Amino acid sequence: GDSVTQMEGPVTLSEEAFLTINCTYTATGYPSLFWYVQYPGEGLQLLLKATKADDKGSNKGFEATYRKETTSFHLEKGSVQVSDSAVYFCALQPGGGNKLVFGAGTILRVKS
Amino acid sequence: DVKVTQSSRYLVKRTGEKVFLECVQDMDHENMFWYRQDPGLGLRLIYFSYDVKMKEKGDIPEGYSVSREKKERFSLILESASTNQTSMYLCASIGVLMTDLDGYTFGSGTRLTVV
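Protein chains in written order, with the working numbering: chain W, 3 to 114; chain F, 2 to 116.
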């Protein structure tokens with residue numbers, strides 16, 4: 003079945019460091035891919051998305067590119083801030099379906 | 002903006018109690034979902050509903066039931082709460098349009114503690 007694998011955390015970085023959170027997926031067909039973010043004490047918010055191969059999603063300085071050949075959707079940010087500390091979830095939506103499949107989440111901690 | 006509202010942020014219940022978690026969305030979405038979130042396990046789907054009075058089991062339905070009497074409201078019911086149901090519960094919704102490619106809209110979550 004469809005699945006998402008994320009790198010394990012927590013990831014601890016200093017402010018202004020470069021961030022990569024790896025995400026790979028297994029799916030049949032052509033899924034849409036998402037990154038959600040969950041700040042402490044809150045629900046999940048959509049961070050960015052990509053709906054087809056080679057699409058790049060971007061928002062708030064974060065980017066991720068849909069790589070069909072490597073079945074990956076890695077999240078990157080050039081310079082993290084303390085306010086980026088959160089849990090990040092990679093997810094896929096199967097083509098034609100409405101159920102999202104989530105990864106386990108990666109905790110990011112940014113120190114000042 | 003779509004809003005998904007969960008009635009309680011924090012709940013403490015006793016073992017054996019019947020517990021109701023309520024979720025309301027205001028954008029006429031057909032599909033609604035209940036997940037639980039546990040550290041290291043991510044989000045696991047409990048139940049979902051694609052229409053009024055329709056429901057389907059997710060990956061971990063044991064010990065739970067749901068009710069969808071109106072399109073905007075989706076309730077999760079713990080028939081007899083147990084300590085292993087202590088968790089964060091998240092409700093989400095999405096429409097059915099093929100252009101609806103924004104994924105889910107989530108509520109803020111209900112942190113349930115069963116003592």
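We put the beta carbon where it would ideally sit given N, CA and C, even for glycine.
For clarity, every value in this text was computed on a predicted model and none was experimentally measured.
Which chain W residues are close to residue i, counting only those with a beta carbon under 7 angstroms from its beta carbon?
{"i": "F:Tyr105", "result": "Leu102"}
{"i": "F:Ile95", "result": "Asn100"}
{"i": "F:Gly41", "result": "Ala106"}
{"i": "F:Asn32", "result": "Asn100"}
Using a cut-off of 7 angstroms between C-beta atoms, extract the partners of residue i located in chain F.
{"i": "W:Gly45", "result": "Leu91, Phe107, Gly108, Ser109 and Gly110"}
{"i": "W:Phe36", "result": "Gly104"}
Using a Cβ cut-off of 8 angstroms, pull out every chain W residue sitting near residue i, in sequence order please.
{"i": "F:Phe49", "result": "Lys101"}
Between residue i and residue j, is the Cβ-Cβ spacing less than 8 angstroms?
{"i": "F:Leu77", "j": "F:Tyr65", "result": "yes"}
{"i": "W:Leu77", "j": "W:Ala52", "result": "no"}
{"i": "W:Leu110", "j": "W:Ser81", "result": "no"}
{"i": "W:Thr7", "j": "W:Gly105", "result": "yes"}
{"i": "F:Arg69", "j": "F:Lys58", "result": "no"}
{"i": "F:Ser120", "j": "W:Gly45", "result": "The structure shown does not extend to residue 120 of chain F, since chain F is modelled only from 2 through 116, so no value can be given for it."}
{"i": "F:Leu113", "j": "F:Leu12", "result": "yes"}
{"i": "F:Leu22", "j": "F:Thr84", "result": "no"}
{"i": "F:Tyr62", "j": "F:Tyr51", "result": "For clarity, residue 62 of chain F is Pro in the given sequence; the question names Tyr instead. Not closer than 8 angstroms, so no."}
In chain W, which residues lie with their C-beta within 9 angstroms of the C-beta of residue i?
{"i": "F:Leu22", "result": "Those within 9 angstroms of F:Leu22 in chain W number zero; the least Cβ separation is about 13 angstroms."}
In chain order, what residues of the same chain have a beta carbon less than 6 angstroms from the beta carbon of residue i, not counting five sequence neighbours either side?
{"i": "F:Ala93", "result": "Phe34, Tyr105 and Phe107"}
{"i": "F:Met99", "result": "Note that F:Met99 has pLDDT 44, beneath the 50 cutoff, so the model's placement of it is unreliable and the number below is only indicative. Nothing listed; no residue qualifies."}
{"i": "F:Lys72", "result": "Val53"}
{"i": "W:Ser5", "result": "Thr28"}
{"i": "W:Gly3", "result": "none"}
{"i": "F:Val25", "result": "Thr6, Glu73 and Arg74"}
{"i": "F:Asp60", "result": "Arg45 and Leu46"}
{"i": "W:Thr14", "result": "Arg111"}
{"i": "W:Lys79", "result": "Leu21, Gly63 and Phe64"}
To which residues of the same chain is residue i closer than 8 angstroms at the C-beta, ignoring the five residues directly before and after it?
{"i": "W:Val84", "result": "Glu17, Val112, Lys113 and Ser114"}
{"i": "F:Arg15", "result": "Ala82, Val115 and Val116"}
{"i": "F:Gly96", "result": "Met28, Asp29, His30, Glu31 and Asn32"}
If you follow the beta strand (DSSP E) that residue i is in, where does it begin and where does it stop?
{"i": "F:Cys82", "result": "Note that residue 82 of chain F is Ala in the sequence shown here, rather than Cys. Looking at the DSSP string, F:Ala82 is not in any beta strand (DSSP E), and its letter there is neither H nor E."}
{"i": "W:Gln47", "result": "Leu46 to Ala52"}
{"i": "W:Tyr38", "result": "Ser34 to Gln40"}
{"i": "W:Asn61", "result": "Lys58 to Asn61"}
{"i": "F:Asp39", "result": "Asn32 to Asp39"}
{"i": "F:Ser50", "result": "Gly43 to Ser50"}
Using the beta-carbon of each residue, which ones in chain F are nearer than 8 angstroms to residue i?
{"i": "W:Ala29", "result": "None at all; the shortest Cβ gap to chain F is about 15 angstroms."}
What does residue i reach in chain F if we use C-beta pairs closer than 9 angstroms?
{"i": "W:Ala118", "result": "Residue 118 of chain W falls outside the range modelled here, since chain W spans only 3 to 114, and no answer is possible."}
{"i": "W:Leu48", "result": "Asp103, Gly104, Tyr105, Thr106 and Phe107"}
Take residue i and list the residues in its own chain whose beta-carbon comes closer than 7 angstroms to its own, dropping the five residues that flank it on each side.
{"i": "W:Tyr68", "result": "Leu35, Ala52, Lys54, Ala55, Asp56, Asp57 and Phe75"}
{"i": "W:Ala19", "result": "Val82"}
Between the region 7 to 19 of chain F and the region 98 to 113 of chain W, do three or more beta carbon pairs fall short of 8 angstroms? With the cut-off at 8 angstroms, the region 7 to 19 of chain F and the region 98 to 113 of chain W do not touch.
Counting pairs of Cβ atoms below 8 angstroms between the region 21 to 38 of chain W and the region 79 to 94 of chain W, do you hit three or more? Yes, the region 21 to 38 of chain W is in contact with the region 79 to 94 of chain W.
Count Cβ pairs between the region 42 to 62 of chain W and the region 15 to 29 of chain W that sit closer than 8 angstroms; are there 3 or more? No contact exists between the region 42 to 62 of chain W and the region 15 to 29 of chain W.
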